[in-house]
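Notes follow the structure.
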Amino acid sequence: MRISESMPSRVERVDEFVSSLLTRISPWSSDKKTIFNIQLALHEALVNAVKHGNQMNDGLSVLVDISKENNQLTMQVTDQGEGFDHTLIPDPITPENLEKLNGRGIFLIQNAMDKVEFSDQGRTIKMIKFLKGESK
Amino acid sequence: MKILINTVEDVSVVILEGELNVDDSIKLRESFLRILKEGATEVMVDFEKVSFIGSAGLATLIEMMQLLRKAGGKLGCCNINDNIRGLFEITKVHKLINIYESRAMALRDF
């Protein structure tokens, strides 16, 4: 099973886009926490791609590729920006960063997913979730 | 997202319904700035009907807490479901904002 979609780099389109993807993914798992974590990871990855990756440039797109094989869900989000080094993002739960208003997106994705990888100089994030309550 | 604000014994109770995502975090921030301008210092956000929150929503809550703290007031959240509570704990936001099991318990403490 595979879903491949793209969206323009507009933050106001993220919620609607995630919602449409989630409608198609939700039948793959009956576990509410799993679906919550998938929604969270997709949401954060898309916001990052639109805001930080494509710098909200309307002429650039964000590509999403989602596949399910057995109980493994793989989601890839790719932007067309200049890339970034994810290792340079400060830890948002250290005391000095706790009250900062930004910088939690990648942290939330890493906690919501079972495996997260970056490639193409940070333009692509690959997120893997092993599905609980797997439906067919 | 629906945002309803009631005042109960000087506490502004912000009742949310829906998903606290990017757009709705902006709406919540605007509502909050309005009640702050009107003099609110004690604010309690009821999450009973909230099914989702992302980093934008967390950031809005932290900013609300900071502004209320500056004004000598405080922010509390109640009726948080297990998924959202987990998010608060992972990000340690629960160390910044008072969390209550129910609206009644929150109002007793305020």
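Residue numbers (my numbering), protein chains in the order written: chain D, 29 to 164; chain G, 147 to 256. For every residue, glycine included, the Cβ atom is placed at its ideal position computed from N, Cα and C.
Close beta carbons around residue i, own chain, < 6 Å, minus the five adjacent residues each side
| i | result |
| --- | --- |
| Leu166(D) | Here chain D comprises residues numbered 29 to 164, so residue 166(D) is not present and cannot be evaluated. |
| Phe239(G) | In the sequence as presented, Phe is not what sits at residue 239(G); that position holds Val. Answer for Val239(G): Leu204, listed in chain order. |
| Asn167(G) | Gly200 |
Unbroken beta strand (DSSP E) run spanning residue i, endpoints
| i | result |
| --- | --- |
| Asn244(G) | Asn244 to Tyr246 |
| Asn152(G) | Lys148 to Val154 |
| Ile94(D) | Ser89 to Glu97 |
| Leu221(G) | Lys220 to Cys224 |
| Leu101(D) | Gln100 to Thr106 |
Start and end residues, alpha helix (DSSP H) containing residue i
| i | result |
| --- | --- |
| Lys128(D) | Neither: Lys128(D) is in no alpha helix (DSSP H) and is coded neither H nor E. |
| Asn76(D) | Lys60 to Asn76 |
| Arg41(D) | Per DSSP, Arg41(D) belongs to no alpha helix (DSSP H) and is neither H nor E. |
| Gly150(D) | Gly150(D) -> no alpha helix (DSSP H), and no H or E assigned at all. |
| Leu159(D) | No alpha helix (DSSP H) holds Leu159(D); DSSP gives it neither H nor E. |
| Met251(G) | Arg249 to Asp255 |
Contacts of residue i in chain D (Cβ-Cβ under 8 Å)
| i | result |
| --- | --- |
| Glu209(G) | Leu129 |
Contact set between residue i and chain D, taken where Cβ atoms lie within less than 7 Å
| i | result |
| --- | --- |
| Ile236(G) | Asn139 |
| Val168(G) | Val39, Val42, Asp43 and Val75 |
Neighbourhood of residue i by C-beta distance below 8 Å, restricted to the same chain and skipping five residues each side
| i | result |
| --- | --- |
| Ser158(G) | Ile151, Asn152, Ile181, Ala186, Glu188, Val189 and Met190 |
Own chain residues within Cβ distance below 7 Å of residue i, not counting five before or after
| i | result |
| --- | --- |
| Asp86(D) | Pro36, Ser37 and Arg38 |
- Message: When you compare the stretch 191-211 of chain G with the stretch 64-72 of chain D, are there three or more beta-carbon pairs, one atom per stretch, that lie closer than 8 Å?
- Response: Under the Cβ criterion (8 Å, minimum of three pairs), the stretch 191-211 of chain G counts as touching the stretch 64-72 of chain D.
- Please go through the stretch 160-216 of chain G and give each complete beta strand (DSSP E) segment of 3 or more residues, from N-terminal end onward. Runs found: 188-199.
- Pair every Cβ in the stretch 134-147 of chain D with every Cβ in the stretch 207-224 of chain G, then say whether three or more of these pairs are closer than 8 Å. Counting C-beta pairs closer than 8 Å gives fewer than three between the stretch 134-147 of chain D and the stretch 207-224 of chain G, which falls short of the contact rule.
- Task: With 9 Å as the C-beta to C-beta threshold (strictly closer), list the residues of the stretch 186-213 of chain G near chain A in chain order.
- Result: Absent from the structure: chain A. Protein chains present are D and G.
- Specify whether the stretch 140-160 of chain D and the stretch 54-62 of chain D touch according to this definition: at least 3 beta carbon pairs, one from each stretch, less than 8 Å apart. The stretch 140-160 of chain D is in contact with the stretch 54-62 of chain D.
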